[in-house]
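Read left to right, the sequence shown gives residues 20 to 388 (the numbering used here). Idealized CB from N, CA, C, for every residue including glycine.
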Amino acid sequence: MTRTLHVSLGERAYDVVIGPGILARAGAEILPFLKRRRVAIVTDETVWAAHGDTLQAAMSAEGISTDIIRLPPGEETKSFASLEEVSDRLLALELDRGDLILAFGGGVIGDLAGFAAAIYKRGADFVQIPTTLLAQVDSSVGGKTAIDTPRGKNLIGAFHQPKRVLADTDLLSSLPDREVRAGFAEVIKYGLLGDRDFFDWLEVHTQAVLSRDPEALARAVARSVEMKAEIVVEDEKEAGRRALLNLGHTFGHALEVECGFGETLRHGEAVALGCAMAFRFSAHLGLCSGQDAHRVEAAIAGAGLPTRLADLDHPGFSTPALVRQMGQDKKAEGGRLTFILARAIGDAMVVRDVNPETLTQFLKTEGAT
20 MTRTLHVSLG ERAYDVVIGP GILARAGAEI LPFLKRRRVA IVTDETVWAA
70 HGDTLQAAMS AEGISTDIIR LPPGEETKSF ASLEEVSDRL LALELDRGDL
120 ILAFGGGVIG DLAGFAAAIY KRGADFVQIP TTLLAQVDSS VGGKTAIDTP
170 RGKNLIGAFH QPKRVLADTD LLSSLPDREV RAGFAEVIKY GLLGDRDFFD
220 WLEVHTQAVL SRDPEALARA VARSVEMKAE IVVEDEKEAG RRALLNLGHT
270 FGHALEVECG FGETLRHGEA VALGCAMAFR FSAHLGLCSG QDAHRVEAAI
320 AGAGLPTRLA DLDHPGFSTP ALVRQMGQDK KAEGGRLTFI LARAIGDAMV
370 VRDVNPETLT QFLKTEGAT
């Protein structure tokens, strides 16, 4: 069963199409947005090897010619060097601003290709075809595009909404289990930040989602996208409520930087650990109960995700380095530390001007030095 959710952003509005078998009809789905039957596809080598033939056939069925830009998989690809490569390849193809760019991959490709589209000749249209659970429930929706730098994650980017998002849940069946668990971290985040009933459901159905039961997976994806769309419509450029979507990310992004954006810590794993830390920090500050923090930690651990610094294969984390990274977070204002914390499960809030000494004390209780 296919479900279509609408992101109501006026002239930038678009649909998110969710369900099985969507990739095979992707050509028909994007045809209304083409001024001429030509697209550039930005993808990674792993995704293209697994699903490129299906997408190519879908384009050919509608008489759409394709130019493929293949990149190495992995977070390291979300860089200035890759942005330069993609931009140069697009220019070499002599694409018009009216031509369409397809982002075909996980969150790395979606962020990178979306940012390239945002700056190509001052803005080209693009469509997201997310191939991971994390990308389908989170990064493909909302128009955030960016690259990483050695100084921090997603610090160079732009808001650039896609014309459509095609989330084919069949693509998730071929994902490694670790990728599915990483995506589940973003799913559980939605329950934690604003829907306790969804969190309750996820506690019961964690293994069904992780084993890719079609019904459970469809509900998890649809509810996550529904919540994100609602928040994005209210606050497109993160001036207020949209910041709640960063629950777990201030801790998580700092840990990713310190781990070097490699295989040690995937983004979803960092978000999972960050959410557990955010609830423990909330309890540390007296904002939420220790019981809720324990319940969140148990739910995340039950999905096979890290909840403690000691869970990571890393020699150790420096408290000053982590605090410095958190000071570079995009939510920080005027040098003040800003966190998304919680009053309870399903009730997140923005907390500004967090005391660095209090944060330092907490990180040391977490095992940082």
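Residue i burial status per 10 Å Cβ neighbour count (16 or more: buried)
i	result
residue 280	buried
residue 99	exposed
residue 223	exposed
residue 235	buried
residue 51	exposed
residue 383	exposed
residue 155	buried
residue 241	buried
residue 360	buried
residue 377	exposed
residue 226	exposed
residue 23	exposed
residue 311	buried
residue 301	buried
residue 110	exposed
residue 317	exposed
residue 216	exposed
residue 112	exposed
residue 380	exposed
residue 396	Since the first residue shown for the chain is 20 and the last is 388, residue 396 is missing from the structure and cannot be characterised.
Contact belief for residue i with residue j at Cβ below 8 Å, rounded distance in angstroms
i	j	result
residue 184	residue 149	7 Å
residue 134	residue 165	6 Å
residue 335	residue 214	Contact doesn't hold; Cβ gap of about 36 Å is too wide.
residue 252	residue 26	6 Å
residue 231	residue 174	Rounded, the Cβ-Cβ distance is 34 Å, inconsistent with contact.
residue 212	residue 322	So it is not a contact: roughly 17 Å between Cβ atoms.
residue 41	residue 187	4 Å
residue 167	residue 39	Incorrect: roughly 32 Å between the Cβ atoms, too far for contact.
residue 244	residue 87	Not really, about 27 Å apart at Cβ, beyond 8 Å.
Reduced DSSP category for residue i - H, G, I as helix; E, B as strand; rest coil
i	result
residue 155	helix
residue 207	helix
residue 145	strand
residue 387	coil
residue 231	coil
residue 265	helix
residue 49	helix
residue 370	strand
residue 111	helix
residue 356	strand
residue 59	strand
residue 160	coil
residue 37	strand
residue 336	coil
residue 175	strand
residue 284	coil
residue 84	strand
residue 21	coil
residue 258	coil
residue 44	helix
residue 362	strand
residue 187	strand
Beta-carbon proximity list for residue i, same chain, < 6 Å, skipping 5 on both sides
i	result
residue 146	49, 121, 181, 182, 183
residue 56	82, 83
residue 373	356, 358
residue 152	191, 199, 202
8 Å Cβ shell around residue i - same chain, five flanking residues per side excluded
i	result
residue 91	63, 64
residue 138	106, 177
residue 76	43
residue 47	77, 80, 81
residue 89	62, 63, 64, 67
Sequence-distant residues of its chain with Cβ nearer than 7 Å to residue i (five each side left out)
i	result
residue 31	180
residue 325	288, 291, 292, 331
residue 271	289, 290, 292, 293
residue 208	266, 267, 290, 294
residue 103	none
residue 161	247, 251
residue 119	49, 52, 53, 58, 144, 145, 146
residue 328	336, 385, 386, 387
residue 28	180, 252, 255
residue 85	58, 60, 75, 78
Quick check: the region 51 to 61 against the region 120 to 140, are at least 3 beta-carbon pairs closer than 8 Å? yes
Touch check for the region 199 to 216 and the region 281 to 292: three-plus C-beta pairs under 8 Å? yes
Are the region 256 to 263 and the region 65 to 82 touching, with three or more C-beta to C-beta distances below 8 Å? Output reads no: the region 65 to 82 does not touch the region 256 to 263.
Is there contact here, the region 330 to 346 with the region 262 to 279, by at least three beta-carbon pairs under 8 Å? yes
Take every Cβ of the region 290 to 299, pair it with every Cβ of the region 258 to 268, and state whether three or more of those distances are shorter than 8 Å. yes
For the region 237 to 249 against the region 338 to 357, do three or more pairs of beta-carbon atoms, one drawn from each stretch, fall closer than 8 Å, so that the two count as touching? no
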